[in-house]
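**Student:** Shown below is the structure under consideration.
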Amino acid sequence: MTELTKPTQDMILCKEGEVVLKGLNKKYFEQKLTQNIRRRLKPLGSFRVNVLQSVIYVEPQDEFADVDGAFEALQKVFGIMTLTRAVACEKDKDVILRTAMEYLDDELRSAKTFKVESKRSDKGFPMTSIELSQYVGGELNEAYDNLTADMHHPDLIVHLEVRDRAAYVHGAPVPGAGGMPVGSNGTAVSLLSGGIDSPVSTYMMAKRGLRIIPVHFFSFPYTSELAKEKVIDLAKILTAYCGRLFVEVVPFTHIQEEIRAKCPEEYFTIIMRRMMMRIADEIAKKNACGALITGESLGQVASQTMEAMLATGDAATLPILRPLVGMDKEEVIRIARQIGTFETSILPYEDCCTVFTPRHPCTHPKLEKVLEAESALDVDMLVEEALMNREMVKLDPRSLL
Numbered sequence: 073m074t075e076l077t078k079p080t081q082d083m084i085l086c087k088e089g090e091v092v093l094k095g096l097n098k099k100y101f102e103q104k105l106t107q108n109i110r111r112r113l114k115p116l117g118s119f120r121v122n123v124l125q126s127v128i129y130v131e132p133q134d135e136f137a138d139v140d141g142a143f144e145a146l147q148k149v150f151g152i153m154t155l156t157r158a159v160a161c162e163k164d165k166d167v168i169l170r171t172a173m174e175y176l177d178d179e180l181r182s183a184k185t186f187k188v189e190s191k192r193s194d195k196g197f198p199m200t201s202i203e204l205s206q207y208v209g210g211e212l213n214e215a216y217d218n219l220t221a222d223m224h225h226p227d228l229i230v231h232l233e234v235r236d237r238a239a240y241v242h243g244a245p246v247p248g249a250g251g252m253p254v255g256s257n258g259t260a261v262s263l264l265s266g267g268i269d270s271p272v273s274t275y276m277m278a279k280r281g282l283r284i285i286p287v288h289f290f291s292f293p294y295t296s297e298l299a300k301e302k303v304i305d306l307a308k309i310l311t312a313y314c315g316r317l318f319v320e321v322v323p324f325t326h327i328q329e330e331i332r333a334k335c336p337e338e339y340f341t342i343i344m345r346r347m348m349m350r351i352a353d354e355i356a357k358k359n360a361c362g363a364l365i366t367g368e369s370l371g372q373v374a375s376q377t378m379e380a381m382l383a384t385g386d387a388a389t390l391p392i393l394r395p396l397v398g399m400d401k402e403e404v405i406r407i408a409r410q411i412g413t414f415e416t417s418i419l420p421y422e423d424c425c426t427v428f429t430p431r432h433p434c435t436h437p438k439l440e441k442v443l444e445a446e447s448a449l450d451v452d453m454l455v456e457e458a459l460m461n462r463e464m465v466k467l468d469p470r471s472l473l
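Okay, here's the thing in structure tokens:
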């Protein structure tokens with residue numbers, strides 16, 4: 073067997089998800105994905121990022137690069153379907169065998185059953201995938217007394233890939249975030265509250281390739297500074313998936329006080345949400361956005377009936393994306409736990425949606441009645457005032473490490 077020194081620092085192989093289906097537009101989506109990867113890895117050290125045959129190679133350039141941190145970060149980058157730690161070696165069957173024994177030695181010693189899976193994209197390599205698997209598998213079986221070959225339910229799968237530049241050895245890949253690269257499908261404004269739903273809806277539309285601009289409505293002193301900080305904390309969690317975020321914090325107290333003073337109580341919530349839609353719509357236009365995002369789920373609360381959603385949506389000019397509309401609460405909570413927002417969302421700080429809640433909200437409002445009730449407000453002045461006094465909070469995942 074050819075002598076080989078112990079494998080150098082390992083690298084990361086990322087397999088693309090939906091990007092591979094993009095045909096002639098594939099290069100555009102790959103460029104977005106690699107840009108996002110490079111931006112996300114920048115604070116973790118020097119890495120080279122290249123794409124070849126729908127595989128993204130992330131290679132540390134020195135011993136200071138944080139490969140563990142990079143692997144964790146890349147699991148949350150949309151556009152990556154699976155990823156794995158791997159090591160490169162010469163495209164020689166004996167070198168590949170030796171590399172597998174050294175790189176996966178701990179796993180090989182602890183497993184009882186195993187198999188070898190090979191992929192050969194370099195057709196100039198003198199062995200077929202099956203031949204390489206049989207050769208390496210046979211040698212490993214001889215070298216490790218604890219191992220028995222099992223083609224159906226092995227404890228360990230040794231993965232071998234023979235590609236254009238080198239051969240690669242790795243263990244089992246782990247799931248990535250999937251979806252489309254953030255920014256590949258445009259930009260949208262997401263209405264972000266401190267509840268469970270809106271962070272999940274933000275996450276889901278970022279997963280579809282949207283760059284997100286969160287907008288939060290803040291009603292001080294009816295809601296505390298802690299309530300605002302809670303939303304900023306939620307946005308910080310989301311940056312791991314969405315990348316850099318510019319959170320627009322909109323003062324909403326005066327609008328709610330005007331609604332309470334001048335509008336019928338049963339329409340408080342509907343009119344409040346219409347004002348939110350108008351303000352979000354204006355922010356979206358200023359940022360060349362193509363849509364608004366809400367966390368509404370059909371029938372979940374009084375303001376989320378079909379009639380209520382029609383009445384609130386009427387105030388916006390852009391399409392409204394509602395990724396949770398057909399989901400029940402348990403499904404939403406499951407995703408919130410998965411992405412890490414749930415524990416923050418349930419902290420007991422109220423947001424503006426719970427201020428001045430009507431005792432008997434209208435669940436099936438007629439649009440003409442809502443417009444009549446809303447006519448008591450100076451809508452344009454209130455919207456302009458809120459926009460003029462909003463503040464922006466910049467959050468960058470690189471500064472949050």
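When we follow my numbering, the leftmost residue of the sequence shown carries the number 73, and every step to the right adds one.
The beta carbon of each residue, even a glycine, is placed where N, CA and C say it ideally should be.
1. Nearest to Tyr294 by alpha carbon, out of Leu96, Ile327, Val208?
2. Which ranges does the alpha helix (DSSP H) cover as unbroken runs of at least 4 residues, wholly within the region 172 to 252, from first to last along the chain?
3. May I ask you to report which of helix, strand or coil DSSP gives Phe101?
4. Check whether the region 322 to 339 touches the region 357 to 373, taking contact to mean three or more Cβ pairs, one atom from each stretch, closer than 8 Å.
5. Excluding sequence positions up to five away, which residues of its chain have a Cβ less than 8 Å from the Cβ of Glu135?
6. Taking buried to mean at least 16 other C-beta atoms within 10 Å of its own C-beta, is Tyr313 buried or exposed?
7. Given a threshold of 16 other Cβ atoms within 10 Å of its Cβ, counted over all protein chains shown, does Met464 qualify as buried or as exposed?
8. Take Asp468 and list the residues in its own chain whose beta-carbon comes closer than 6 Å to its own, dropping the five residues that flank it on each side.
9. What does DSSP give as the partner residue(s) for Ser262 in the beta ladder?
10. Going by DSSP in three states, Lys438 sits in which element: helix, strand or coil?
11. Compute the Euclidean distance between the alpha carbons of Asp400 and Gly281, then round it to the nearest angstrom.
12. Can you tell which of Thr435, Gln103, Pro420, Arg111 has its C-alpha closest to the C-alpha of Ser256?
13. Determine the DSSP secondary structure at Pro323, reduced to helix, strand or coil.
14. Find the nearest neighbour of Ala307 within the set Glu320, Val139, Met349, judged by alpha-carbon distance.
15. Taking the continuous beta strand (DSSP E) assigned at Ile304, which residues delimit it?
16. Which residues mark the beginning and the end of the beta strand (DSSP E) in which Pro433 is found?
17. Tell me whether Ile84 sits in a helix, a strand or coil according to DSSP, three-state version.
18. Does the region 270 to 279 touch the region 180 to 192, meaning 3 or more C-beta pairs lie closer than 8 Å?
19. For the beta strand (DSSP E) containing Tyr294, list its first residue and its last residue.
20. Taking DSSP's pairing of strands, which residues face Asn122 in a bridge?
21. Select from Pro132, Ala249, Arg350, Ile84 the residue whose C-alpha is nearest the C-alpha of Phe490.
22. In the structure shown, what three-state DSSP assignment does Glu75 receive?
23. Run through the DSSP bridge pairs and tell me what Arg157 is partnered with.
24. Here's a check: name, in chain order, each residue in its chain whose Cβ is nearer than 6 Å to the Cβ of Arg346, leaving out the five neighbours to either side.
25. What are the boundary residues of the alpha helix (DSSP H) that includes Val404?
26. Going by Cα to Cα distance, which pick from Ser193, Lys114, Thr106, Arg181 is closest to Ile152?
27. Pull up the DSSP beta-bridge partners for Lys466, would you.
28. Between which two residues does the alpha helix (DSSP H) holding Leu370 run?
29. Met344 to Val442, Cα distance in whole Å?
30. Take Ser296 as the anchor and find which of Thr416, Pro420, Leu85 has the nearest alpha-carbon.
31. Please report the Cβ distance between Leu310 and Pro271, rounded to the nearest whole angstrom; I am assuming they are in contact, meaning their Cβ atoms lie under 8 Å.
32. What number of angstroms, rounded off, separates the C-alpha of Lys87 from the C-alpha of Val139?
33. Which residues does DSSP list as the beta-bridge partners of Ile168?
34. In this structure, how does DSSP classify Leu390 when only helix, strand and coil are distinguished?
35. Apart from the five residues on each side of it in sequence, which residues of its chain come closer than 8 Å, Cβ to Cβ, to Ala249?
**Tutor:** This is what the structure gives:
1. Ile327
2. 177 to 182, 201 to 215
3. helix
4. no
5. Leaving aside the five residues that flank Glu135 on each side, the residues in its chain whose CB is nearer than 8 Å to its CB run, in chain order, Gln81.
6. buried
7. exposed
8. Apart from the 5 residues on each side of it in sequence, Asp468 sits with its Cβ closer than 6 Å to the Cβ of Arg316 in its chain, given in chain order.
9. Pro286, Ile365
10. coil
11. 24 Å
12. Gln103
13. strand
14. Glu320
15. Segment 297 to 314 is the alpha helix (DSSP H) holding Ile304; no beta strand (DSSP E) there.
16. Here Pro433 belongs to no beta strand (DSSP E), and DSSP marks it neither H nor E.
17. strand
18. no
19. Premise fails: Tyr294 is in no beta strand (DSSP E) and is neither H nor E.
20. Tyr129
21. Examination of residue 490 is not possible in this model, given that the chain is present from 73 through 473 alone.
22. Confidence is the limiting factor: at Glu75 the pLDDT is only 42, short of 50, which leaves the residue's position unreliable and the question unanswerable from this model.
23. Ile84
24. Within the same chain, Cβ atoms closer than 6 Å to the Cβ of Arg346 are found at Thr384, Ala387, the five residues on either side in sequence being excluded.
25. Boundaries of the alpha helix (DSSP H) harbouring Val404: 401 to 411, taken from the DSSP string.
26. Thr106
27. The bridge partners DSSP lists for Lys466 are Phe318.
28. Note, Leu370: premise wrong, no alpha helix (DSSP H); not H, not E.
29. 11 Å
30. Pro420
31. A Cβ-Cβ distance of about 6 Å is found for the pair Leu310 and Pro271, placing them in contact under the 8 Å criterion.
32. 17 Å
33. Paired residue(s): none; Ile168 is not in a bridge.
34. coil
35. Gln147, Lys148, Val149, Phe150, Gly151, Ile152, Lys279, Tyr313
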